[in-house]
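This report refers to the structure that appears directly beneath it.
Residue numbers (the working numbering): 734 to 943.
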């Protein structure tokens, strides 16, 4: 898993994207050029005036698995571009997932208390499955079978890469939802990295949202 910043909204007349947010928020104010943007953004965030945060965007690159990318792309307020297994050969390997026990009281939760033996078995099972599947995948391509068909032989933990772009408002919502303990651990790790990147560029949000 890896998350990297790609781009942020770059204002023409303001120094930072945070200043741009405040400038747009003051569209009805005679004091639109007020340099005190921190207080205004804190007020807007604390009182739920989220439309202000739609005036700037952030884009990141995410390296994860096909299983987790499907969860990420359920957030439809974002724009996505993902590595296409229809267009290009999948040859980036797999990302191993650590075995966790199914929570019997919450179907959306897993418990990190598996034995070392079971964890080892699960890791080896993923490796064996990938070795066999990639051999069959390569054979399918050698036989002239289209990539869009051959990809059906690949497991869900095959690595993928995608770009995720959205407004700061969308990022706030995504991070609030996906850093919650109810989110699958592998997805939660991505959301935590996105939060670090967001707070680096928008430190006011870190003060307000923590």
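Beta carbons: idealized from backbone N, C-alpha and C, even for Gly.
Which partner residues of residue 896 appear in the DSSP bridge assignment? Residue 896 sits at position 163 when you count from the first residue of the chain shown. BP columns for residue 896 point to 794 and 814.
Which listed residue (930, 788, 915 and 791) has its alpha carbon closest to that of residue 838: Here the question's residue 838 lines up with position 105 in the chain shown. Considering only alpha carbons, the answer is 915.
Have a look at 796, 819 and 809 and flag the residue whose alpha-carbon is nearest the alpha-carbon of residue 895. Numbered from 1 along the chain shown, position 162 holds the residue referred to as residue 895. Checked all of 796, 819 and 809; the closest Cα to residue 895 is 796.
Could you tell me how far apart the beta carbons of residue 893 and residue 802 are, in whole angstroms, since I believe they sit closer than 8 Å? Position 160 of the chain shown, counted from the start, is the residue given in the question as residue 893. Position 69 of the chain shown, counted from the start, is the residue given in the question as residue 802. With 8 Å as the limit, residue 893 and residue 802 qualify as a contact, their Cβ atoms being about 5 Å apart.
Any 3 or more C-beta pairs closer than 8 Å across the region 915-927 and the region 832-849: yes
Starting from residue 735, follow the beta strand (DSSP E) in both directions and report where the run begins and ends. On the chain shown, residue 735 is found 2 positions in, with the first residue counted as 1. It spans 735-741 - the beta strand (DSSP E) in which residue 735 sits, taken as one unbroken run.
Can you give me the start and stop residues for the alpha helix (DSSP H) that residue 856 sits inside? The residue you call residue 856 lines up with position 123 of the chain shown. That run of the alpha helix (DSSP H) goes 849-875.
Report, in whole angstroms, the separation of the C-beta atoms of residue 788 and residue 931, which I expect to be a contact under 8 Å. Within the chain shown, the letter at position 55 stands for residue 788. Within the chain shown, the letter at position 198 stands for residue 931. Contact flag wrong, Cβ pair sits at about 15 Å.
Assess contact between the region 821-831 and the region 878-893, defined as three or more Cβ pairs (one per stretch) separated by less than 8 Å. Is contact present? yes
Among 741, 777, 735 and 810, which residue has its Cα nearest to the Cα of residue 941? One-based indexing of the chain shown puts residue 941 at position 208. Looking at the Cα atoms, 777 is the closest of the given residues.
Straight-line CA distance for residue 876 to residue 870? Here residue 876 refers to the residue found at position 143 of the chain shown. Here residue 870 refers to the residue found at position 137 of the chain shown. Taking the straight line from one Cα to the other gives about 10 Å.
For residue 784, which option in 752, 737, 769 and 900 has the closest C-alpha, if you only look at C-alpha atoms? Counting from one through the chain shown, the residue named residue 784 turns up at place 51. Selected option, being the one with the closest Cα: 900.
Proximity winner among 768, 736, 805 and 872, relative to residue 906 (alpha-carbon distances): Here residue 906 refers to the residue found at position 173 of the chain shown. Checked all of 768, 736, 805 and 872; the closest Cα to residue 906 is 805.
Using the three-state DSSP reduction, which class does residue 942 fall into: helix, strand or coil? Counting from one through the chain shown, the residue named residue 942 turns up at place 209. Helix, per DSSP.
Taking residue 734 and residue 813 to be in contact with their CB atoms under 8 Å, please state how far apart those CB atoms are, rounded to whole angstroms. The residue labelled residue 734 in the question sits at position 1 within the chain shown. The residue labelled residue 813 in the question sits at position 80 within the chain shown. About 17 Å separates the two Cβ atoms, so there is no contact after all.
Residue range of the alpha helix (DSSP H) that includes residue 756: In the chain shown, the residue the question calls residue 756 occupies position 23. Per DSSP, residue 756 belongs to the alpha helix (DSSP H) from 750-758.
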